[in-house]
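Peer 1: Please find one structure pasted underneath; my questions will follow.
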Amino acid sequence: MCIFVWLKGFSEFFRRYKSILFIAWKDRHELTPIKRLKDEYVFLPDNLILTETPASPVARWTARCIIILSVLVISWSYFGQIDINVISQGKIISHGRNKIIQPLETGQIKNIWVKEEQYVHQGDALVEIDVLGAEE
Numbered sequence: 000m001c002i003f004v005w006l007k008g009f010s011e012f013f014r015r016y017k018s019i020l021f022i023a024w025k026d027r028h029e030l031t032p033i034k035r036l037k038d039e040y041v042f043l044p045d046n047l048i049l050t051e052t053p054a055s056p057v058a059r060w061t062a063r064c065i066i067i068l069s070v071l072v073i074s075w076s077y078f079g080q081i082d083i084n085v086i087s088q089g090k091i092i093s094h095g096r097n098k099i100i101q102p103l104e105t106g107q108i109k110n111i112w113v114k115e116e117q118y119v120h121q122g123d124a125l126v127e128i129d130v131l132g133a134e135e
């Protein structure tokens, strides 16, 4: 019973707005403002001047630019990627047995081939050092 009452009210609501929409659509040509010259706006009453004068295009273009910039920034934040590089000084302290590894030649570390707590054998490569970019 409750659904029937709800559907009846819903259909009556849409029938009423459908009839109003058809009446407004039929009379839409009467609602368009009269086309006037720029000089004619000066002699109109104040309320008609405010309602019938076109808005300044500067405000529209400003709003369009703000919307375009907002869309660009939001799309850039969604699709863009930021690489995070950190250069700092400090000490690395591990919790296990520490071995000091010193290279024969100074250079920049390109790759570290071992992980913490990994067993290695004698002669295994631990790191790859780039000696071309090193300061002498």
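The opening residue of the sequence shown carries number 0 in numbering that gives the first Met the number 0; numbering runs sequentially from there.
Ideal Cβ positions, reconstructed from N, Cα and C, are used throughout, including at glycine.
Closer than 8 angstroms is the cut-off here; do at least three beta carbon pairs connect the region 49 to 58 with the region 23 to 40?
Peer 2: These segments touch.
Peer 1: Quick one: any contact between the region 125 to 132 and the region 96 to 114, if contact means 3 or more CB pairs under 8 angstroms?
Peer 2: Touching, yes, given that three or more Cβ pairs across the two stretches are closer than 8 angstroms.
Peer 1: If we ignore side chains and look at the alpha-carbon of each, how far apart do I65 and S74 end up?
Peer 2: Walking along the sequence shown from the start, residue 65 turns up at place 66. Walking along the sequence shown from the start, residue 74 turns up at place 75. Using only the alpha carbons, I get a separation of about 14 angstroms.
Peer 1: Per DSSP, which residues does N46 bridge with? Please list them.
Peer 2: For the purposes of this step, residue 46 is taken as residue 47 along the sequence shown, with counting starting at 1. BP columns for N46 are empty, so no partner.
Peer 1: For a test of the three-state rule: what should DSSP assign to D38, helix, strand or coil?
Peer 2: As a first step, residue 38 must be located in the sequence shown, where it is residue number 39. The answer is helix: DSSP assigns D38 an H, G or I state.
Peer 1: With DSSP run on the structure shown, which of helix, strand or coil describes I83?
Peer 2: The sequence position of residue 83 within the sequence shown is 84, counting from 1. In the structure shown, I83 sits in coil (DSSP, three-state: anything other than H, G, I, E or B).
Peer 1: Taking the alpha-carbon positions, what's the K25 to L43 distance?
Peer 2: What you label residue 25 is simply residue 26 of the sequence shown in a count that begins at 1. What you label residue 43 is simply residue 44 of the sequence shown in a count that begins at 1. Answer to the nearest angstrom: the Cα atoms are 28 angstroms apart.
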